[in-house]
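For the sequence shown, position 28 (counting from the first letter as 1) is numbered 75 according to our numbering, and the numbering increases by one without interruption.
These notes are about the structure you will find just below.
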Amino acid sequence: MAYTSNGATIEADEEGYLTDINQWNEDLAGQIAKDEGITLSPEHWEVVNFLREYYAEYQIAPAVRVLTKAIAKKFGADKGNNKYLYELFPYGPGKQACKIAGLPKPTGCV
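Below you can see the structure in the form of structure tokens.
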């Protein structure tokens with residue numbers, strides 16, 4: 048599988064996760080989101096950018112429970128809960144948000 052962004056072909060695995068996270072850009076995030084049936088809002092970008100910062104610091108994509116707690120700590124309990132995150136990313140805030148953020152599939156996600 049591959050995406051096209053800014054005239055470049057960007058390789059992804061069979062599930063749509065980028066094979067080289069360094070090729071990610073915001074245009075590509077929009078394409079991946081569109082493929083996932085999501086129109087990115089500022090709230091989506093908060094989570095996507097948070098995930099990218101988390102990954103840069105820890106070199107791992109957080110599992111949903113860790114993500115939920117970390118989002119709550121940074122943005123407050125109204126955003127750091129499963130209901131809010133699943134409204135943004137209905138196929139799973141870990142899996143779907145990480146894919147849009149250009150990160151590897153989180154460990155523990157099936």
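Glycine included, every Cβ here is placed at the ideal spot set by N, Cα and C.
Keep in mind that this is a model prediction, so the values were computed, not measured.
Item: CA-CA distance, Lys116 and Pro89?; Value: 20 Å
Item: Which residues share a DSSP beta bridge with Tyr133?; Value: DSSP, once it has assigned bridges, lists no residue as partnering Tyr133.
Item: Could you have a look at Leu87 and say whether DSSP puts it in helix, strand or coil?; Value: coil
Item: With DSSP run on the structure shown, which of helix, strand or coil describes Glu58?; Value: strand
Item: If contact is defined by three or more beta carbon pairs under 8 Å, each pair taking one atom from either stretch, is the region 68 to 83 in contact with the region 144 to 155?; Value: yes
Item: Give every residue of the same chain whose Cβ lies closer than 8 Å to the Cβ of Asn128, excluding the five residues on either side of it in the sequence, and list them in chain order.; Value: Thr115, Ala119
Item: So, for Glu134: in the same chain, excluding its five sequence neighbours on each side, which residues have a beta-carbon less than 6 Å away from its beta-carbon?; Value: none
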